[in-house]
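Here's the structure, in structure tokens; my notes come after.
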Amino acid sequence: MFRRAKGWFAAAYTGLVLLVVVALLVQFGRAACYASQACIRGSLLGAAVVLLVCGWLIALLALGQISGPMRQLVRTTRQIAAGDTRMRMLPQASDEFGELVRAVNLMRENLLAQLLAATEQQEQMALVLTYMGDGVLIVDPQRGVQLINPAAAELLKVKTNGVVGRSFAEVVRHHQLIDLFNVAAERREKLTQAFDAGHGRFWRASVTPFEKQEMTGYLIILQDLTAVRHLETVRRDFVSNLSHELRTPLAALRAVVETLQEGALQDEAVADRFLGRAMRELDTLTQMVEELLELSRIESGRVPLRLAPTRLPDLVLTPVERLRDQAERAGVHIELMLNAALPPVLADAPRVQQVITNLLHNAIKFTPSGGTVSIRASLAAARDAAAPDDALRGDMLISVKDTGIGIAGSDLPRIFERFYKSDRARTRGQGGTGLGLAIARHLVEAHNGRIWVKSKEGKGSTFYFTLPLAEVDSL
Numbered sequence: 001m002f003r004r005a006k007g008w009f010a011a012a013y014t015g016l017v018l019l020v021v022v023a024l025l026v027q028f029g030r031a032a033c034y035a036s037q038a039c040i041r042g043s044l045l046g047a048a049v050v051l052l053v054c055g056w057l058i059a060l061l062a063l064g065q066i067s068g069p070m071r072q073l074v075r076t077t078r079q080i081a082a083g084d085t086r087m088r089m090l091p092q093a094s095d096e097f098g099e100l101v102r103a104v105n106l107m108r109e110n111l112l113a114q115l116l117a118a119t120e121q122q123e124q125m126a127l128v129l130t131y132m133g134d135g136v137l138i139v140d141p142q143r144g145v146q147l148i149n150p151a152a153a154e155l156l157k158v159k160t161n162g163v164v165g166r167s168f169a170e171v172v173r174h175h176q177l178i179d180l181f182n183v184a185a186e187r188r189e190k191l192t193q194a195f196d197a198g199h200g201r202f203w204r205a206s207v208t209p210f211e212k213q214e215m216t217g218y219l220i221i222l223q224d225l226t227a228v229r230h231l232e233t234v235r236r237d238f239v240s241n242l243s244h245e246l247r248t249p250l251a252a253l254r255a256v257v258e259t260l261q262e263g264a265l266q267d268e269a270v271a272d273r274f275l276g277r278a279m280r281e282l283d284t285l286t287q288m289v290e291e292l293l294e295l296s297r298i299e300s301g302r303v304p305l306r307l308a309p310t311r312l313p314d315l316v317l318t319p320v321e322r323l324r325d326q327a328e329r330a331g332v333h334i335e336l337m338l339n340a341a342l343p344p345v346l347a348d349a350p351r352v353q354q355v356i357t358n359l360l361h362n363a364i365k366f367t368p369s370g371g372t373v374s375i376r377a378s379l380a381a382a383r384d385a386a387a388p389d390d391a392l393r394g395d396m397l398i399s400v401k402d403t404g405i406g407i408a409g410s411d412l413p414r415i416f417e418r419f420y421k422s423d424r425a426r427t428r429g430q431g432g433t434g435l436g437l438a439i440a441r442h443l444v445e446a447h448n449g450r451i452w453v454k455s456k457e458g459k460g461s462t463f464y465f466t467l468p469l470a471e472v473d474s475l
């Protein structure tokens with residue numbers, strides 16, 4: 001455009017000068033004009049005025065050819081600078097101005113690509129922060145919260161949309177975390193600490209000061225260790241309980257062997273009595289190992305269930321008959337209340353019988369002479385007050401109730417753990433491996449059922465579990 005405008009201006013101005021020169025020559029050619037200097041001066045002055053006016057008009061024309069597109073280019077670049085990348089100019093020529101327009105369009109395309117890449121990266125980062133399990137906070141040098149992800153908001157019991165801009169101490173409200181932050185800010189170094197967050201929760205916090213270009217502040221990472229601590233407690237208790245359960249039969253076996261070595265073998269009656277005791281202890285150890293292996297297979301899903309529509313009497317009568325002699329020796333009455341009209345359940349009969357056997361055996365064992373153990377079954381039409389939230393209505397509800405010693409409230413949350421025994425069970429010297437209820441829980445849950453207990457110390461216990469009903473078409 002600049003070359004074209006310059007060419008127009010030069011051509012027009014040259015033509016105008018030639019026109020004026022020709023006009024002057026014609027004027028000077030007149031005879032009268034040779035004799036008059038005033039005529040010559042007038043002609044020159046007139047020619048100068050004409051040249052000036054025409055040059056001004058030509059300059060305006062050339063300036064108009066340049067300023068219009070230039071103003072459009074300025075508007076476009078300002079809109080791009082303001083973030084409106086939709087604006088684009090089409091080059092009208094191949095001159096310098098056309099090259100400038102193409103350069104601006106290229107700059108716009110590069111800027112648009114960078115903005116899209118930055119937006120995509122920002123969305124990916126927001127997605128990571130939203131769904132990561134650890135809590136993340138970013139705090140500025142003035143200790144104001146600049147960013148918090150949902151995990152951190154859940155741990156701190158705050159809302160993500162009402163935190164930004166508030167002080168770190170006001171948002172956190174945990175003195176141990178605030179103290180860790182203050183020390184890290186003072187030392188300007190990364191610090192990590194695990195602590196009790198209260199209400200049975202355990203956290204690990206990491207505070208990292210950072211300085212990167214124009215960004216300064218603190219990065220705080222919060223990890224919830226509650227589940228990890230619980231697993232550590234379960235593992236520690238498992239080892240402790242297993243050691244305790246093994247110690248008793250092993251000590252008894254050692255005592256038997258030592259007694260036999262000291263000469264009891266010479267007395268046949270005494271030897272038989274001690275060997276019988278050794279056999280009972282070996283049976284206890286064998287049962288413990290078998291139940292451990294059974295529990296391991298159930299937990300790992302290596303015990304396939306053969307589910308089939310099954311009538312309740314087929315599930316309940318076999319365990320009752322199996323344990324009736326034990327109940328009679330203990331002076332405990334077994335009361336069976338089953339409605340023959342109840343629909344069948346979808347169950348693996350031997351596995352459910354194992355559950356009922358474990359519950360019934362415990363009920364007889366912890367019920368004093370003259371007590372009663374009741375077995376009932378009904379449709380869970382209304383949720384029992386002691387039932388967990390995920391116990392489904394419409395399932396079959398089976399209960400084993402006793403009038404025994406009951407379970408302390410502090411023991412109820414852990415009653416289905418492996419090897420767990422209440423203190424009263426230990427002091428009464430009752431046998432057993434402590435694995436029966438753990439096996440029962442896993443078997444019931446494998447049937448998509450739920451198991452729970454309701455008990456008061458000194459007033460007996462009631463164990464409940466549910467089983468899904470069989471489809472009518474499957475009968």
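Residue numbering for the sequence shown is 1 to 475, as defined by the numbering used here. We put the beta carbon where it would ideally sit given N, CA and C, even for glycine. Small disclaimer: the values here were computed from a predicted structure and weren't measured.
DSSP bridge partner residues for residue i (one or two, in chain order)
i: Tyr-218; result: Val-139, Pro-209
i: Leu-397; result: Ser-378, Thr-466
i: Lys-459; result: Bridge partners of Lys-459: none, in fact.
i: Arg-247; result: According to DSSP, Arg-247 bridges with nothing at all.
i: Ser-167; result: Gly-144
i: Phe-416; result: Looking at the DSSP assignment, Phe-416 forms no beta bridge with any residue, so it has no partner.
i: Gly-198; result: Arg-201
i: Thr-372; result: His-333
i: Asp-224; result: Trp-203
i: Gln-193; result: Ala-205
i: Gly-454; result: Contrary to the premise, residue 454 reads as Lys rather than Gly in this sequence. DSSP lists Thr-462 as partners of Lys-454.
i: Asp-179; result: Bridge partners of Asp-179: none, in fact.
i: Asp-402; result: Val-373
Exposed unless 16 or more other CB atoms sit within 10 angstroms - verdict on residue i
i: Tyr-218; result: buried
i: Thr-119; result: exposed
i: Ala-470; result: buried
i: Thr-284; result: buried
i: Pro-344; result: buried
i: Ala-31; result: Its pLDDT being 44, under 50, Ala-31 is placed unreliably by the model, and the measurement read from it follows with that caveat. When all chains shown are included, Ala-31 counts as exposed.
i: Ala-491; result: Because the chain is modelled from 1 through 475, residue 491 falls outside the range shown and cannot be assessed.
i: Arg-450; result: buried
i: Asn-339; result: exposed
i: Leu-476; result: Nothing about residue 476 can be read from this structure; the chain reaches only from 1 to 475.
i: Arg-297; result: exposed
i: Asp-395; result: buried
i: Arg-426; result: Confidence at Arg-426 is low in this model, with a pLDDT of 46, below 50, so its placement is unreliable and the value that follows should be read with caution. Counting Cβ neighbours within 10 Å, Arg-426 comes out exposed, since fewer than 16 surround it.
i: Ala-438; result: buried
i: Arg-108; result: buried
i: Arg-428; result: Note on Arg-428: pLDDT 46, under 50, position unreliable in the model; the coordinate value appears next. Per the 10 Å Cβ criterion, exposed.
i: Pro-249; result: buried
i: Arg-441; result: buried
i: Tyr-34; result: Because Tyr-34 carries a pLDDT of 48, less than 50, the predicted location of this residue cannot be relied on, and the following value inherits that uncertainty. Exposed, since its Cβ has fewer than 16 Cβ neighbours within 10 Å.
Contact test: residue i Cβ vs the ligand GDP heavy atom, cutoff 7 Å
i: Thr-226; result: Among the components of this structure there are no ligands whatsoever, and the ligand GDP is therefore not found.
Closest by C-alpha distance to residue i, when choosing among the options
i: Val-228; options: Leu-156, Arg-201, Glu-457; result: Arg-201
i: His-361; options: Val-145, Met-288, Glu-321, Met-396; result: Glu-321
i: Lys-157; options: Leu-342, Gln-122, Val-172; result: Val-172
i: Arg-459; options: Ala-408, Ala-327, Gln-124; result: Strictly speaking, residue 459 in this sequence is Lys, with Arg absent from that position. Of Ala-408, Ala-327, Gln-124, the residue nearest in Cα terms is Ala-408.
i: Ala-251; options: Met-132, Ile-375, Arg-277; result: Arg-277
i: Val-207; options: Thr-216, Thr-192, Leu-100; result: Thr-192
i: Glu-211; options: Arg-414, Val-234, Asn-110, Val-139; result: Val-139
i: Ser-378; options: Asp-196, Asp-134, Leu-225, Arg-311; result: Arg-311
i: Pro-319; options: Met-288, Arg-329, Thr-357, Asp-325; result: Thr-357
i: Ile-375; options: Ala-103, Leu-100, Leu-315, Glu-232; result: Leu-315
i: Gln-142; options: Leu-129, Asn-105, Gly-98, Met-215; result: Met-215
i: Ile-334; options: Leu-323, Gln-223, Leu-342, Val-373; result: Val-373
Short CB-CB distance (under 8 Å) between residue i and chain B
i: Pro-313; result: Checking the listed chains, one finds no chain B in this structure; it contains a single protein chain.
Let me know the beta strand (DSSP E) ranges lying completely inside the segment 302-366, each 3 residues or longer, listed in chain order.
308-310, 333-337, 345-347
**Sufficient close CB pairs (3 or more, under 8 Å) joining the segment 346-358 to the segment 458-468** = yes
Check your understanding: Are the segment 246-261 and the segment 301-308 in contact at 8 Å, needing three or more beta carbon pairs?
Key -> no
*Determine contact between the segment 225-244 and the segment 260-267, defined as no fewer than three beta-carbon pairs at a distance below 8 Å.*
no
Would the segment 174-185 count as touching the segment 146-155 if we require 3 or more Cβ pairs under 8 Å?
no
Item to check | Stretch pair the segment 392-408 + the segment 364-371: three plus CB contacts closer than 8 Å | outcome: yes
Practice item. State whether the segment 158-167 contacts the segment 180-197, with contact taken as three or more CB pairs (one from each stretch) at a distance under 8 Å. Key: no
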